[in-house]
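Protein chains in written order, with the numbering used here: chain A, 12 to 314; chain B, 12 to 314; chain C, 10 to 226; chain D, 10 to 226. Yeah, the Cβ is synthetic: ideal placement off N, Cα and C, and Gly gets one too. Take a look at the structure set out below.
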Amino acid sequence: MMRAWLTQHGFVFFLTLRRLIATPLTSLLSIIVMGIALSLPAGIYVLMQNLQAFSGQMADSPQMSLFLKLDTTQDSIEKVNQRLEENPQILSVRFIPKDAALQQLQQSSGLTDIAASLGRNPLPDAFVIHTQENTADALEQLRLTLQKWPEIEHVQFDSAWIERLNALLDLGRFAVLMLATLLSVAIIAIMFNTIRLQILTKRDEIELSKLIGATDSFIQRPFLYFGALQGLAGGATAWLIMVLAIRTFNEQLITLSQLYAIDLQLQPLTMMDSISLLLFSGWLGWLGARISVASHLWQIEPK
Amino acid sequence: MMRAWLTQHGFVFFLTLRRLIATPLTSLLSIIVMGIALSLPAGIYVLMQNLQAFSGQMADSPQMSLFLKLDTTQDSIEKVNQRLEENPQILSVRFIPKDAALQQLQQSSGLTDIAASLGRNPLPDAFVIHTQENTADALEQLRLTLQKWPEIEHVQFDSAWIERLNALLDLGRFAVLMLATLLSVAIIAIMFNTIRLQILTKRDEIELSKLIGATDSFIQRPFLYFGALQGLAGGATAWLIMVLAIRTFNEQLITLSQLYAIDLQLQPLTMMDSISLLLFSGWLGWLGARISVASHLWQIEPK
Amino acid sequence: MIIFKNVSKRYPDGYVALNNVDLSVASGEMVFLTGHSGAGKSTLLKLIAAIERPTSGVITISGQNIAQLKPAAIPYLRRKIGFIFQDHKLLFDRTVFDNVLLPLQISNFDHNTVAARVRAALDKVGLLKKEKAMPIALSGGERQRLCIARAVVHRPAILIADEPTGNLDVEYARDIMALFTSFNQVGVTVLIATHDASLLEDTQHRILSLKQGKLAT
Amino acid sequence: MIIFKNVSKRYPDGYVALNNVDLSVASGEMVFLTGHSGAGKSTLLKLIAAIERPTSGVITISGQNIAQLKPAAIPYLRRKIGFIFQDHKLLFDRTVFDNVLLPLQISNFDHNTVAARVRAALDKVGLLKKEKAMPIALSGGERQRLCIARAVVHRPAILIADEPTGNLDVEYARDIMALFTSFNQVGVTVLIATHDASLLEDTQHRILSLKQGKLAT
Ligand SMILES: Nc1ncnc2c1ncn2[C@@H]1O[C@H](COP(=O)(O)OP(=O)(O)OP(=O)(O)O)[C@@H](O)[C@H]1O
Ligand SMILES: Nc1ncnc2c1ncn2[C@@H]1O[C@H](COP(=O)(O)OP(=O)(O)OP(=O)(O)O)[C@@H](O)[C@H]1O
Ligand SMILES: [Mg+2]
Ligand SMILES: [Mg+2]
């Protein structure tokens with residue numbers, strides 16, 4: 012029984028493979044179409060994953076700026092750093108030396124060589140910290156504690172700044188969501204339609220099988236295999252496109268990383284992501300095939 | 012003769028229309044697929060157009076920063092502004108008051124309330140200008156001239172800053188180019204494949220027409236109409252998606268505009284753009300149909 | 010075995026193809042069905058295989074009421090029947106061999122004996138040499154014989170042949186009729202719709218004659 | 010009018026369907042072509058309409074060498090021919106009327122007279138009542154008559170009929186033969202491939218007989 016089942020399915024599987032190969036242009040074109048369609052939402056997913064890792068802590072947890080007194084020594088700075096890092100309420104600590112602050116000012120304003128024009132750097136050293144809590148009360152408490160430290164001139168937490176960043180990130184998220192929705196509709200429609208149209212050319216086969224006593228599941232089987240296989244191939248193509256795109260993009264990022272002296276690299280697809288991509292595309296192909304065959308079967312039913 | 016030609020074409024046109032309506036699901040799905048596929052590169056195009064308008068002058072022409080003396084009066088500032096604007100070598104003049112510079116510093120560094128911590132704003136007022144020329148010689152000449160003005164403390168032109176911005180913009184352009192290439196391949200493949208598969212289901216008609224003495228152009232005609240009509244409908248769908256997307260996006264931008272007090276709005280598609288979109292999509296459909304029919308015709312040729 | 014009681018068939022466009030037909034074919038009988046073009050012969054045969062459903066009346070096959078068969082049960086009815094379609098219905102993207110193989114695949118036949126059965130069926134209709142050809146490369150008569158091979162390969166209990174010799178010359182037609190007779194002799198119920206006067210001339214089997222949807226015995 | 014000289018046809022799979030055929034059909038003649046299933050009748054007819062090309066030999070129609078016809082000239086040859094295909098080749102997504110209309114559309118006929126012509130052709134084969142039906146709703150014989158109507162609607166100079174009465178009963182077959190004869194009487198060259206012995210029995214026209222690709226006169 013089991014053996015018969017296996018032979019049956021194995022037979023159908025190879026029949027389907029042979030057919031895919033027998034019409035190379037149709038198969039290839041359809042696979043490319045599905046691959047490209049799938050690679051777009053997959054690409055967006057990768058970008059979002061990377062952005063989230065990059066900006067996650069920055070945007071989501073509240074941030075506080077600690078300005079040090081202008082005459083603080085290197086030694087005191089180290090001490091402050093250590094004490095901040097030991098505080099369990101504080102998630103992350105980032106030190107911004109006054110030179111870096113000045114440089115950033117120049118970069119962002121387009122005003123260059125301020126130091127030269129001013130004669131000296133007027134900015135203080137500072138720490139930027141992210142906190143665990145985000146209720147107004149807890150934050151105020153922390154501010155008051157820190158304010159009492161002797162090295163600290165001024166503690167500031169600015170909700171307006173965060174608001175702006177959040178607005179920007181919201182916009183980004185909105186754009187991504189819009190694109191993702193559009194693309195999801197697109198890939199489903201594209202894969203569905205591609206497989207449906209391919210099956211339309213096999214109307215005769217469905218009709219005849221039905222007429223000589225094939226059960227619905229028997230008739231559907233090769234088409235479901237066909238859809239799933241095509242979907243899988245499309246998913247694999249999408250995966251390939253993604254890998255190549257990430258690699259090329261990272262090469263471009265090297266220049267930027269060097270200029271800004273930070274490590275900007277897109278993380279590749281994880282094993283899990285890759286498998287999900289393949290499974291999803293296979294499922295889509297299967298679904299497209301299923302719906303098309305079912306509609307044909309229904310039309311041929313005697314009334 | 013002319014009349015016969017018109018009747019012939021009119022007949023084919025209506026025949027095609029009737030057929031599109033006769034298979035509503037296939038037609039609709041195909042049109043949606045093509046619409047979405049087309050709307051993506053069209054969206055990228057709109058974004059690029061808007062970005063270019065926004066950042067064009069900034070990135071492309073060299074820029075110079077003029078720092079004013081710390082004690083410059085409002086009167087002198089106006090005078091400097093006027094003289095700069097009258098200078099034919101200078102393309103654009105932007106005044107950056109010291110307050111704005113400080114604010115920008117705070118925004119970009121995450122350091123808030125620097126003024127509060129410093130007691131006073133240490134930054135000078137400044138002008139940022141863009142010049143017509145971009146040879147090093149001409150720029151040096153201009154710098155020397157401006158340096159001599161009494162209100163100006165220091166003139167700076169920094170190529171490093173521009174380099175960084177350019178690297179960033181290059182990256183953006185590269186990303187857009189990559190996406191656009193991918194999408195162009197995609198829409199061509201998708202439209203081509205969709206129409207090809209639809210025509211595959213009409214193999215019988217092509218074969219019979221050929222056998223009873225139809226010329227190739229007669230056989231192709233309804234399919235070309237079909238492809239072009241489907242392509243046009245796909246283009247119109249893409250246009251609709253674009254209009255809706257731009258409107259929704261602009262609504263989101265309002266919040267951002269208010270926060271940053273600048274006018275950020277995507278410009279809609281121009282009349283020319285819309286027409287180009289429709290023509291291009293019609294042409295693509297026509298091409299897909301042409302190639303598929305031609306390949307069938309060739310197979311049926313006696314050998 | 011096959012019993013029609015008061016069976017009428019009106020097509021969706023209003024045309025009445027069968028009008029109050031009463032009919033009974035015993036198990037193992039061989040019956041000819043004749044009548045003008047458009048008299049309703051194909052319609053009657055299609056009703057037996059549940060390809061069309063009657064508008065009114067009762068059709069029973071081995072005691073089963075076909076008119077009330079659930080869709081899920083129809084395939085099993087059809088497997089008992091070998092149907093030679095008037096319009097052939099060959100699959101042009103498979104070889105001759107694979108076309109004949111189809112009915113066996115459908116009913117999960119044992120893989121080891123399948124090839125031998127297909128070749129035996131092809132041999133009976135004289136197409137063994139063409140097993141690897143595509144149907145497009147067959148002549149009209151060869152296609153018709155291919156349909157016959159496909160209809161008999163799974164040794165059905167009922168054989169329904171709709172105009173099986175329209176494209177065959179006299180000799181082949183005689184061979185095919187001999188084939189049908191031999192099936193009938195081992196107990197297969199055979200129904201043949203035909204115009205071919207030469208087939209009807211010297212037969213000792215029952216001949217049913219349809220006239221505009223009515224049975225004229 | 011139609012002259013075959015030493016014509017052979019070997020199909021790509023190596024099978025020789027026609028072997029050194031010499032043949033001459035005068036303008037206005039009516040000729041029957043007969044032979045076993047697979048003898049090469051359809052192949053011979055297809056060569057005339059340039060649906061297949063001969064492997065060797067010369068075929069001339071009204072002095073034109075078909076074997077060397079440029080692809081662009083083939084449609085104009087085919088418009089002179091009315092071809093009744095053995096496998097019908099109907100379009101199942103158009104009505105009966107539109108199926109018959111096709112040959113007229115192809116050759117840019119005057120729009121005002123076209124409908125009348127289509128109806129006249131349908132009337133001749135007894136299908137006028139079914140003009141709005143789809144071919145799927147036609148019986149086998151009705152489909153065959155539809156093919157005949159389509160082949161004669163544009164009044165071709167040559168009429169080629171490949172097994173035109175395989176699905177027709179004796180009366181309809183006689184009507185169709187009368188139709189062919191009437192065409193022949195107004196000067197149309199008619200070639201008919203058939204197995205139907207009853208058509209051949211009482212004819213005074215020439216009968217060509219093919220045997221395994223060779224002409225046996
Ligand atoms: N395209 C093809 N490729 C290969 N062989 C072919 C092809 N078409 C026909 N044949 C073979 O050529 C032989 C003659 O075919 P043809 O159709 O001419 O026969 P016919 O005389 O019309 O027979 P019938 O009466 O059965 O229609 C047949 O054996 C057939 O298998
Ligand atoms: N699906 C359908 N819808 C409407 N009418 C139909 C349909 N199928 C058949 N008919 C009509 O029913 C009548 C009987 O058709 P049927 O196919 O049973 O005839 P038949 O006796 O087999 O004729 P033939 O010898 O020509 O094959 C015909 O007039 C035909 O046009
Ligand atoms: Mg019939
Ligand atoms: Mg033939």
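Beta-carbon separation (whole angstroms), residue i vs residue j, contact threshold 8 Å
i: Leu-168/C; j: Leu-155/C; result: The pair is not a contact, with the Cβ atoms about 16 Å apart (cut-off 8 Å).
i: Leu-251/A; j: Gly-293/A; result: Their Cβ separation, rounded to whole angstroms, is 16 Å, which puts Leu-251/A and Gly-293/A out of contact at 8 Å.
i: Ile-90/C; j: Pro-144/C; result: No, Ile-90/C and Pro-144/C are not in contact; Cβ-Cβ is about 22 Å, not under 8 Å.
i: Lys-18/D; j: Ala-202/D; result: Incorrect: roughly 15 Å between the Cβ atoms, too far for contact.
i: Lys-98/D; j: Leu-188/D; result: Not quite, the Cβ-Cβ distance comes to about 20 Å (not below 8 Å), so this is no contact.
i: Ile-93/C; j: Ala-160/C; result: 5 Å
i: Ala-142/D; j: Val-105/D; result: 5 Å
Whether residue i touches residue j by CB criterion (8 Å)
i: Lys-159/B; j: Asn-132/B; result: no
i: Ala-176/C; j: Met-39/C; result: Per the sequence shown, residue 176/C should be read as Asn rather than Ala. No, Cβ-Cβ distance for Asn-176/C and Met-39/C is not below 8 Å.
i: Leu-78/D; j: Ala-59/D; result: yes
i: Thr-190/D; j: Phe-41/D; result: no
i: Val-30/C; j: Pro-112/C; result: no
i: Val-57/A; j: Ile-107/A; result: no
i: Arg-301/B; j: Leu-235/B; result: yes
i: Thr-174/D; j: Ile-185/D; result: yes
i: Asn-28/C; j: Gly-222/C; result: yes
i: Thr-205/A; j: Val-44/A; result: yes
i: Thr-212/A; j: Thr-259/B; result: no
i: Gly-21/A; j: Arg-88/C; result: no
i: Gly-299/A; j: Phe-203/A; result: yes
i: Thr-192/A; j: Gly-46/A; result: no
i: Ala-158/C; j: Val-123/C; result: no
Alpha-carbon spacing of residue i relative to residue j, whole angstroms
i: Glu-218/A; j: Leu-308/A; result: 8 Å
i: Val-91/B; j: Thr-83/B; result: 10 Å
i: Leu-39/A; j: Ala-200/B; result: 10 Å
i: Leu-28/B; j: Leu-288/B; result: 21 Å
i: Leu-290/A; j: Glu-97/A; result: 45 Å
i: Tyr-181/C; j: Thr-226/A; result: 34 Å
i: Leu-264/A; j: Met-253/A; result: 16 Å
i: Ala-48/A; j: Phe-237/A; result: 19 Å
i: Pro-135/A; j: Lys-80/A; result: 7 Å
i: Ser-4/A; j: Gly-66/D; result: Examination of residue 4/A is not possible in this model, given that chain A is present from 12 through 314 alone.
i: Lys-139/D; j: Phe-101/C; result: 29 Å
i: Gly-67/A; j: Leu-155/B; result: For Gly-67/A, the predicted structure reports a pLDDT of 47, less than 50, and the residue's modelled location is therefore unreliable. A value from the coordinates is still provided. Rounded to the nearest angstrom, the two C-alpha atoms are 47 Å apart.
i: Ala-12/D; j: Leu-137/D; result: Reading the sequence as shown, one finds Ile at residue 12/D and not Ala. Cα to Cα, Ile-12/D sits roughly 37 Å from Leu-137/D.
i: Leu-77/B; j: Leu-95/B; result: 11 Å
i: Leu-51/B; j: Ala-186/A; result: 13 Å
i: Gln-153/D; j: Gly-135/D; result: 11 Å
i: Gln-114/C; j: Gln-231/A; result: 14 Å
i: Arg-62/D; j: Ala-76/D; result: 6 Å
i: Gln-100/A; j: Ala-137/A; result: 19 Å
i: Met-282/A; j: Ile-257/A; result: 15 Å
i: Asp-119/D; j: Asp-107/D; result: 16 Å
i: Asp-148/B; j: His-165/B; result: 18 Å
i: Ala-48/D; j: Ala-225/D; result: 11 Å
Proximity test, residue i beta-carbon vs ligand 6 heavy atom, cut-off 7 Å
i: Leu-147/C; result: Among the ligands present in this structure, namely ligand 1, ligand 2, ligand 3 and ligand 4, ligand 6 is not found.
Using a beta-carbon distance cut-off of less than 7 Å, what residues from the region 59-83 of chain D approach chain B?
-> Residues of the region 59-83 of chain D with a C-beta atom less than 7 Å from some C-beta of chain B are Ala-59, Ile-60, Glu-61, Arg-62 and Pro-80, listed in chain order.
Give the residues from the region 191-205 of chain C that approach chain D closer than 7 Å (Cβ to any Cβ), ordered along the chain.
-> Of all residues in the region 191-205 of chain C, His-204 have a Cβ within less than 7 Å of some Cβ in chain D.
Compile a chain-ordered list of the residues in the region 109-136 of chain C whose CB is closer than 9 Å to at least one CB of chain A.
-> Listed by position, the residues of the region 109-136 of chain C near chain A (Cβ gap below 9 Å) are Leu-111, Pro-112, Gln-114, Ile-115, Ser-116, Asn-117, Asp-119 and His-120.
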